[in-house]
Structures are given as C-alpha cells and as structure tokens.
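What the sequence shown shows, in this note's numbering, is residues 16 to 449, in sequence order.
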Amino acid sequence: MAGALKMKLTRQLLSLTVAAGCLLLPATLWSAEARPQVAKSSCVECHSAFPPPTGVSEAQWAADIHAQKGLSCASCHGGDAKDPSPEGAMSKKAGFRGKPKRTEIPALCAKCHADGAYMRQYNPSLRTDQLAQYRTSVHGKRLAQGDTKVAVCIDCHSVHGIRSAKDTRSTVNPLNVASTCSRCHSDANYMKDYKIKTDQFAGYSASVHHEAMVVRGDLSAPTCTTCHGNHGAAPPGVASVENVCSTCHVFQAQLFDTSPHKAAFAAMGAASCITCHSNHRIVHPTDKFVGTGNEAICTNCHAAGDPGFAAAGRIHDDLVKLDEALKRSAEVLDKAERSGMEVSQARLEEAQGRDSLTKARVTLHSFQPDKVEQDTQAGMKIAAKTYQAGLQALAERDYRRKGLGLTLITILVVLAGLRLYIRQTESKNQSGGS
Ligand code: HEC
Ligand code: HEC
Ligand code: HEC
Ligand code: HEC
Ligand code: HEC
Ligand code: HEC
Ligand code: HEC
Ligand code: HEC
Ligand code: HEC
16 MAGALKMKLT
26 RQLLSLTVAA
36 GCLLLPATLW
46 SAEARPQVAK
56 SSCVECHSAF
66 PPPTGVSEAQ
76 WAADIHAQKG
86 LSCASCHGGD
96 AKDPSPEGAM
106 SKKAGFRGKP
116 KRTEIPALCA
126 KCHADGAYMR
136 QYNPSLRTDQ
146 LAQYRTSVHG
156 KRLAQGDTKV
166 AVCIDCHSVH
176 GIRSAKDTRS
186 TVNPLNVAST
196 CSRCHSDANY
206 MKDYKIKTDQ
216 FAGYSASVHH
226 EAMVVRGDLS
236 APTCTTCHGN
246 HGAAPPGVAS
256 VENVCSTCHV
266 FQAQLFDTSP
276 HKAAFAAMGA
286 ASCITCHSNH
296 RIVHPTDKFV
306 GTGNEAICTN
316 CHAAGDPGFA
326 AAGRIHDDLV
336 KLDEALKRSA
346 EVLDKAERSG
356 MEVSQARLEE
366 AQGRDSLTKA
376 RVTLHSFQPD
386 KVEQDTQAGM
396 KIAAKTYQAG
406 LQALAERDYR
416 RKGLGLTLIT
426 ILVVLAGLRL
436 YIRQTESKNQ
446 SGGS
C-alpha cells in the first residue's frame with residue numbers, strides 16, 4: 016500500500032518536472048531571441064569595465080538595434096575591434112574617429128541612414144530621408160548655424176541603446192515621445208536663451224489627446240511628433256503645423272473652409288482651429304463654448320450688435336434646446352422602463368436624436384446658424400416623438416394599474432361577500448342544531 020503511494024508520488028513528481036521543462040525550454044529559446052548574441056569585440060570587452068559615459072555595458076549594447084543587426088562600435092567610431100590594446104584598437108591608422116562632436120552627429124548617422132542601397136540590404140521599408148527632413152526643422156536649421164543646444168539624432172533616439180520605434184521601451188515610441196521632448200522643452204533653465212514658452216508638455220498632458228492616447232490607449236490620438244513631424248518641420252503632406260488638425264478632424268476642417276471665418280481669420284493672420292481650441296491644452300468643449308456667455312469663445316471677437324454675436328446666441332440656444340429635449344425624453348423613458356414597460360423602439364429613435372446633436376456640434380464649424388438649425392430641428396422632431404412614446408407608455412402603465420386595482424377590489428368584494436355568506440350559514444346551522 017505504502018509502496019504504491021510512493022510510486023504514484025514519484026510518477027507525479029516526474030511528470031511535473033517534465034512539464035516544467037517544457038515550459039522552461041521555449042522560455043530560454045525566447046530569451047535567447049530577445050537578447051541576441053552580440054559579436055565579441057575588444058571595444059566592448061574593455062569599455063564594459065568603465066562607468067559611463069566612457070563605459071558601455073554589455074547589456075546596454077545588446078539592447079541596441081545596431082548590435083542586434085551585427086554592427087560594431089567601430090561602425091560608428093572607426094578603429095580595430097579585434098585589437099585588444101587601446102593604442103591599436105583606437106589608432107588613427109585603423110580609422111578611429113573618437114567621440115563625434117554634436118554638430119557632426121546627423122552626418123554620422125546619415126552615412127548609413129541616407130544611403131538607400133545600404134539600408135535596403137537590412138530593411139527595404141525603412142525611410143532614408145531623416146537627414147534631409149531634419150535639415151528643414153528648427154532643430155536642423157539652428158544646428159547648421161552652430162547652436163548645439165537643439166536636438167540632434169541621439170537626443171531623441173538615445174545612444175548605445177537605440178531601439179526600433181515600435182519597441183514600447185524606445186524613447187521615440189508614441190507613448191514615450193512627449194517625455195523625450197519635455198527633457199529640453201519643459202526645462203526653463205535649459206531653454207532660457209530662447210523666446211519660446213516651456214509649457215507645451217504641461218498643456219499636452221492635460222489635453223483630450225493625451226487622455227485618449229495614454230489613459231485610453233488610443234494610438235490614433237496625436238503626440239508631439241504626430242503634429243510636429245518626426246524629423247521635418249511638419250508631418251508629410253501638411254504645409255504648416257497649424258493645419259495639422261484637419262488630417263484627423265476632416266469634417267470640422269471642411270466646414271471651416273466654407274465658413275465666414277476662413278477669409279476673416281486669414282485677414283487677421285489668425286490660424287484656423289487653434290485660435291479657438293489652442294494647440295496643446297485642447298480640452299473637451301461643451302455647449303457653453305459657443306454663445307454669448309462668459310465661457311463662450313465667440314465673445315473674444317464678437318460684441319452685442321454684430322451679426323456674429325447674434326449667430327453665436329442662436330446656435331447656443333438651438334443646441335441647448337435639443338439637449339434639454341433629449342434629456343426630458345430620456346427621463347420619461349427611464350421611468351417607463353423602470354415600471355417594466357417595453358420602450359426599446361423609442362430608445363433606438365432616441366439614439367438617432369442624440370446623433371443629430373453630435374452632428375449639429377460638428378456643423379457648428381460652418382458658423383451658419385441656419386445649417387446648425389437643420390440638424391437641431393431633425394433632432395427636436397425625434398425628441399418630441401420619443402417623449403410622447405414615453406408619456407404613452409406611462410399612461411398605459413397607469414391604465415393597467417387602474418385595471419389591476421379594479422380587479423383587486425372586485426375580488427376583495429367577492430371574498431368579503433363569500434365570508435359573510437359562510438358566517439351566516441354557519442350561524443344558521445348552529446342555531447338550528449342546538
Ligand atoms: C583596452 C581598453 C580599450 C579598448 C580595447 C578600446 N578602448 Fe576606447 N577607450 C578606452 C579608454 C580608457 C578610453 C578613455 C580615454 C580617455 O578618457 O582619455 C577610451 C575612449 C574611447 C572613446 C572616447 C574618445 C573621445 O574622443 O573622448 C571612444 C569613442 C572609444 N574609446 C571607442 C572605442 C572603440 C570603437 C574601440 C574598439 C575599436 C575601443 N574604444 C577600444 C579603452 C579602450
Ligand atoms: C550608432 C553609432 C554608434 C555606435 C554603434 C557606438 N557609438 Fe559610441 N558614440 C556615438 C555617438 C553619436 C557618441 C556621442 C555621444 C554624445 O555626444 O553624448 C558616442 C560616444 C561614445 C563615447 C564617449 C562618451 C563620452 O561622452 O565621453 C564612448 C566611450 C563610446 N561612444 C564608446 C562606444 C562603444 C564602446 C561602442 C560599442 C559598444 C559604441 N560607442 C558604439 C555613436 C555610436
Ligand atoms: C554603419 C551604419 C549605421 C550607422 C552609422 C547608424 N545606423 Fe542606425 N541602423 C543601421 C542599420 C543597418 C539598422 C537596422 C535596420 C533594420 O534592420 O531595421 C539601423 C537601425 C536604426 C534604427 C531603428 C530603425 C527601425 O525602426 O527599425 C534607428 C532608430 C537608428 N538606426 C538610428 C541611428 C542613429 C540615431 C544613428 C547615429 C547615432 C545611427 N542609427 C547610425 C545602420 C547604421
Ligand atoms: C526631435 C526628435 C528626433 C530627432 C532629432 C531625430 N529623430 Fe529619428 N525619429 C524620431 C521619431 C519620433 C521617430 C518615429 C517614431 C515612429 O515611427 O513612431 C523617428 C524614427 C526614426 C527612424 C526609423 C524610421 C522608420 O521609418 O521607422 C530612423 C532610422 C531615424 N529616426 C533616424 C534618425 C536620424 C538618422 C536622425 C538624425 C539625422 C534622427 N532620426 C533625428 C525622432 C527624432
Ligand atoms: C536637446 C534638447 C531638445 C530636445 C530633446 C527637443 N528639442 Fe525641440 N528645440 C530645442 C531647442 C534648443 C530649440 C530652439 C528654440 C527656438 O526655436 O528658439 C527647439 C525648437 C523646437 C521647435 C521650434 C520652436 C519654434 O517655433 O521656434 C519645435 C516645434 C520643437 N523644438 C519640437 C520638439 C519636439 C516635438 C521634440 C521631441 C520629439 C523636441 N523638440 C525635442 C531643444 C530640444
Ligand atoms: C495636436 C497637435 C499638437 C501636439 C500634440 C503638440 N503640438 Fe506643439 N504645436 C502645435 C501647433 C499647432 C503649434 C503652433 C504652430 C505655429 O504657431 O506655427 C505648436 C507649437 C509648438 C512649439 C513652438 C512654441 C510654442 O509653444 O508656440 C513647440 C516648442 C512645441 N509646439 C512643442 C511641442 C511638444 C514638446 C509637444 C509634446 C509635449 C507638442 N508640441 C505637442 C501642435 C501640436
Ligand atoms: C492624429 C490625429 C489627430 C490630430 C492631428 C488632432 N486630433 Fe484632435 N482628437 C483626435 C482623437 C483620436 C481625439 C479623441 C476623440 C475621442 O475623445 O474619442 C481627439 C479629440 C479632440 C477634441 C475633443 C473632442 C471631444 O469630443 O471632446 C478636440 C476639440 C480636438 N481633438 C481638437 C484638435 C485640434 C484643434 C487639433 C489640431 C491642433 C487636433 N485635434 C489634432 C485625433 C487628432
Ligand atoms: C470660432 C471658434 C472655433 C473654431 C475656429 C474651430 N472650432 Fe471646433 N469647436 C468650437 C466650439 C464652440 C465647439 C463646441 C461645440 C459644442 O460642444 O457645443 C467646438 C467643438 C469641436 C470639436 C468637438 C466637438 C464635436 O462634436 O465636433 C472638435 C473635434 C473640434 N471642434 C475641432 C475643430 C477643428 C479641427 C477646427 C479647425 C478646422 C475647429 N474645431 C475650429 C469652436 C471652434
Ligand atoms: C478670433 C476672432 C473670432 C472668434 C473667436 C469668432 N469670430 Fe466670428 N468672425 C470673426 C471675424 C473677424 C468675422 C468677420 C467680420 C464680422 O462679420 O464680424 C467673423 C464673422 C462671423 C460670422 C459671419 C457674420 C456675418 O457677417 O454674417 C458668424 C456667423 C460668426 N463669425 C460666428 C461666430 C461664432 C458662433 C463664434 C464662436 C463659436 C465666433 N464667430 C468666434 C472673428 C471671430
């Protein structure tokens with residue numbers, strides 16, 4: 016008996032060990048892939064012994080895409096990676112160039128990255144226009160004038176640990192870009208020689224775009240480089256950064272172009288969207304943003320008596336009226352639903368009413384009250400209908416309750432009568448029996 020138990024336990028232990036082995040084997044294979052064997056070189060062997068910046072540890076270098084693709088320290092710095100002596104490895108004769116100056120870095124990286132034929136051997140889909148683009152940016156232009164405080168390739172990509180942008184640990188991955196830029200752009204001391212503000216990161220961090228991307232993980236929302244371009248002065252296909260909003264918010268942009276503001280803003284030298292919404296601290300707008308009240312943007316430029324002021328008031332009132340009508344309808348439908356009435360058809364129509372309101376808030380960008388009214392009127396009709404449907408459902412509920420009440424009363428009356436009758440017959444029987 017004891018022997019059999021022992022056997023059973025041993026067998027279980029054995030199968031557990033095998034199972035664990037099966038789990039571990041692919042794990043070791045996987046980690047071999049995640050951290051590929053990097054070619055041995057005298058440079059790494061010697062330099063991994065130093066603290067940074069002279070030191071480059073083996074782990075740091077193994078994470079670098081250049082190491083993973085079989086390149087060496089000498090690919091950027093020159094020298095002889097086979098010679099173990101410092102004099103030999105880092106000799107002028109072996110082409111050693113030492114530490115590049117900041118002004119030399121874009122050309123150093125571009126030696127390979129602007130060479131289409133070379134890069135195609137590794138990755139045909141990789142763009143080779145980074146240096147050409149970089150030269151059109153404020154960073155590139157100022158560097159060409161000798162300003163070394165601007166960003167060069169390694170300020171965004173890091174050095175000796177460069178990863179593909181797709182890697183979520185990369186400094187240029189969309190989730191990390193904002194903090195990479197903020198290292199300089201939020202540092203008031205570093206930026207004190209320049210006339211620009213240092214509030215871009217703070218503004219962006221409080222925006223709907225940051226909320227969408229970082230909090231909700233919506234990668235279709237923009238980060239710094241979506242609007243400013245990765246390397247160039249603006250993203251491809253966008254003439255100027257101030258027009259970038261239209262690449263995503265297409266309908267608002269189309270409507271704005273047909274609006275009276277198109278020519279008026281151009282004449283004032285004002286940009287389109289950002290004049291009202293700002294560029295970094297973009298918040299979720301409400302109906303108070305249009306109109307003649309304190310929180311309305313329209314009163315920045317329009318005053319009582321001018322047509323824009325009147326239009327702002329009208330658009331606001333139409334939006335609010337529809338919003339309130341939809342809320343009223345929702346209230347009755349809620350009430351009806353809570354009492355167990357069937358209102359699913361009205362619920363479907365109510366959703367269409369809310370779509371009309373959403374559409375009206377987009378149409379607002381035509382800044383033509385008649386057009387906005389077309390959308391709000393469509394919504395008002397639906398809201399009136401669903402409100403009626405709600406009232407009807409409540410009336411029917413009351414009717415049914417009344418009917419139920421009457422039935423109950425009838426039953427009670429009958430019961431009471433029955434009881435009376437039984438009592439009477441009982442007392443008759445008693446008196447007859449005695
Ligand atoms: C046996 C050790 C040793 C070997 C091998 C070695 N180095 Fe160095 N390297 C050093 C030391 C020490 C310094 C720091 C010298 C100093 O600060 O003056 C240095 C400095 C450097 C610098 C900075 C130079 C500057 O201008 O500030 C670079 C870049 C560099 N090494 C790259 C390489 C490369 C690439 C290789 C391989 C081809 C290599 N090293 C091989 C020890 C070594
Ligand atoms: C993709 C190009 C590239 C490769 C590959 C590369 N480096 Fe560098 N390295 C640079 C650049 C650019 C700088 C200048 C950094 C700066 O200005 O802060 C630099 C700086 C250095 C410095 C000077 C650090 C300092 O601030 O004094 C050393 C030392 C160095 N590299 C060693 C190495 C070693 C060792 C390897 C291989 C393990 C290596 N590099 C691989 C581009 C490269
Ligand atoms: C000796 C040639 C060479 C030099 C110099 C060089 N690179 Fe590279 N780089 C490559 C190769 C090859 C790849 C791998 C491309 C691939 O397979 O995706 C690469 C990949 C990259 C990637 C990842 C691209 C991706 O998303 O797949 C970045 C970012 C990058 N390099 C930046 C730099 C920077 C910044 C410098 C300068 C400090 C630099 N490189 C210098 C050859 C070079
Ligand atoms: C101001 C920051 C910044 C500077 C400066 C910068 N880059 Fe980039 N780079 C980025 C960002 C951001 C990306 C793209 C990330 C993405 O694809 O989401 C990128 C992508 C790349 C890629 C991958 C391209 C691809 O198609 O996937 C390479 C290669 C590259 N950069 C090289 C360079 C070189 C070379 C320089 C210097 C001439 C440079 N970068 C300067 C921010 C920068
Ligand atoms: C190494 C520091 C540094 C980093 C990192 C850096 N920048 Fe800059 N940037 C500067 C400096 C310095 C200027 C010059 C300021 C000026 O234009 O007067 C500048 C200028 C700019 C300008 C032009 C401002 C103007 O209108 O004059 C933009 C836009 C910009 N940077 C965006 C970015 C973005 C986006 C990133 C991140 C992807 C970034 N920068 C990363 C230092 C940096
Ligand atoms: C939704 C698009 C968008 C995003 C995201 C964005 N910007 Fe901007 N940024 C703009 C616009 C538009 C301007 C104004 C451009 C103009 O006036 O030509 C601007 C202006 C700037 C300027 C010039 C100085 C200033 O404040 O006017 C800098 C520097 C800058 N942005 C950096 C950043 C940085 C850093 C980030 C990320 C933290 C960022 N931007 C995110 C659209 C954006
Ligand atoms: C890369 C695409 C993209 C760009 C460029 C872009 N946005 Fe957005 N925007 C989004 C996304 C995604 C959302 C989040 C929508 C949501 O809340 O579901 C958003 C949200 C908004 C909202 C809030 C909408 C709401 O209902 O709360 C406003 C306002 C806005 N953006 C204005 C702008 C302005 C102004 C610009 C130009 C400076 C701009 N956007 C550039 C994609 C973009
Ligand atoms: C004259 C001021 C003004 C201009 C210019 C403007 N907007 Fe708006 N925008 C508003 C107002 C007001 C609202 C709020 C609507 C509401 O919620 O009642 C709004 C709402 C929005 C919304 C979110 C609400 C929605 O449902 O559409 C987005 C996104 C938006 N605007 C993008 C843009 C873009 C993109 C541009 C440039 C093409 C732009 N706006 C130009 C005033 C403006
Ligand atoms: C940055 C200033 C500015 C802001 C903000 C602004 N407007 Fe205007 N608007 C103008 C200018 C300038 C004109 C053309 C001159 C005029 O008619 O007053 C104009 C014209 C108009 C017109 C056409 C008037 C006509 O003559 O028929 C309407 C309608 C209008 N605006 C509505 C609005 C509404 C609604 C808002 C708020 C969401 C708003 N505006 C915000 C500057 C602005």
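Even glycine gets a Cβ: it sits at the ideal position worked out from N, Cα and C. Computed from a prediction, not measured in an experiment: that's the story for all the values here.
In the three-state reduction of the DSSP assignment, residue 131 falls in the helix class. Taking a contact to require three or more Cβ pairs closer than 8 Å, the stretch 176-193 and the stretch 230-243 qualify as touching. For residue 239, the enclosing alpha helix (DSSP H) stretches over residues 239-243. Taking all protein chains in view, the Cβ of residue 225 is crowded by 16 or more other Cβ atoms within 10 Å, so the residue is classified as buried. In this model, residue 274 and residue 280 are separated by some 10 Å (Cα to Cα). With 16 or more other Cβ atoms inside 10 Å of its own Cβ, residue 219 counts as buried. Under the 10 Å beta carbon count, residue 68 is surrounded by fewer than 16 other beta carbons and is classified as exposed. As for any beta strand (DSSP E) of minimum length 3 sitting wholly inside the stretch 328-390, there is none. Residue burial annotation: residue 376 is buried, with at least 16 other C-beta atoms found within 10 angstroms of its C-beta. Just measuring C-alpha positions, the residue of 155, 183, 194, 386 sitting nearest residue 121 is 155. Per DSSP, residue 267 is one residue of the alpha helix (DSSP H) stretching across 265-272. Taking the CA atoms as reference points, residue 313 sits about 17 Å from residue 299.
Taking 8 Å as the upper bound for CB-CB distance, residue 347 and residue 327 are not in contact here, some 32 Å apart. Within 10 angstroms of the beta-carbon of residue 349 lie fewer than 16 other beta-carbons, which makes it exposed. Excluding its 5 nearest sequence neighbours in each direction, residue 221 has C-beta neighbours in its own chain below 7 Å: 296, listed in chain order. Shown here for residue 168: same chain residues with a beta carbon closer than 7 Å to its own, the five before and five after excluded, namely 120, 121, 124 in chain order.
With a cutoff of 7 Å, residue 210 counts as near ligand 5, since its C-beta is closer than that to a heavy atom of the ligand. The distance from the Cβ of residue 331 to that of residue 302 is about 6 Å, consistent with a contact at the 8 Å cut-off.
About 5 Å separates the beta carbon of residue 145 from that of residue 246, a gap short enough to meet the 8 Å contact definition. Taken in chain order, the complete alpha helix (DSSP H) segments of 4 or more residues contained in the stretch 48-80 are 57-62, 73-77. CA-CA distance, residue 362 to residue 337, rounds to 16 Å. Counting along the chain, no alpha helix (DSSP H) covers residue 213, and no H or E run does either. Remark: the C-beta of residue 154 is outside contact range of ligand 3, defined as less than 7 Å to any heavy atom. With the rule of 3 Cβ pairs closer than 8 Å, the stretch 167-187 does not count as touching the stretch 201-211. Each of 177, 139, 149 was checked against the Cα of residue 75, and the nearest Cα belongs to 177.
A direct Cα-to-Cα measurement between residue 214 and residue 55 gives close to 46 Å. Between ligand 3 and residue 234, a heavy atom-to-CB distance of less than 7 Å is absent. A distance below 6 Å between beta-carbons, with the five flanking residues on each side excluded, links residue 199 to the following residues of its chain, in chain order: 205.
Excluding sequence positions up to five before and after residue 112, its CB lies within less than 7 Å of the CB of 92, 93, all in the same chain and listed in chain order. According to the DSSP assignment, residue 170 belongs to the alpha helix (DSSP H) that extends over 168-172.
The distance from the Cβ of residue 397 to that of residue 364 is about 6 Å, consistent with a contact at the 8 Å cut-off. Ranked by Cα distance from residue 114, the options 293, 135, 165, 174 are led by 174. Checking the 7 Å criterion, the Cβ of residue 67 is out of range of every heavy atom belonging to ligand 1.
C-alpha of residue 162 to C-alpha of residue 151: approximately 15 Å in a straight line. At a cut-off of 7 Å, the beta-carbon of residue 149 does not count as near ligand 6: no heavy atom of the ligand is closer than that.
Nearest Cα to residue 240 within the set 291, 171, 443, 223: 171.
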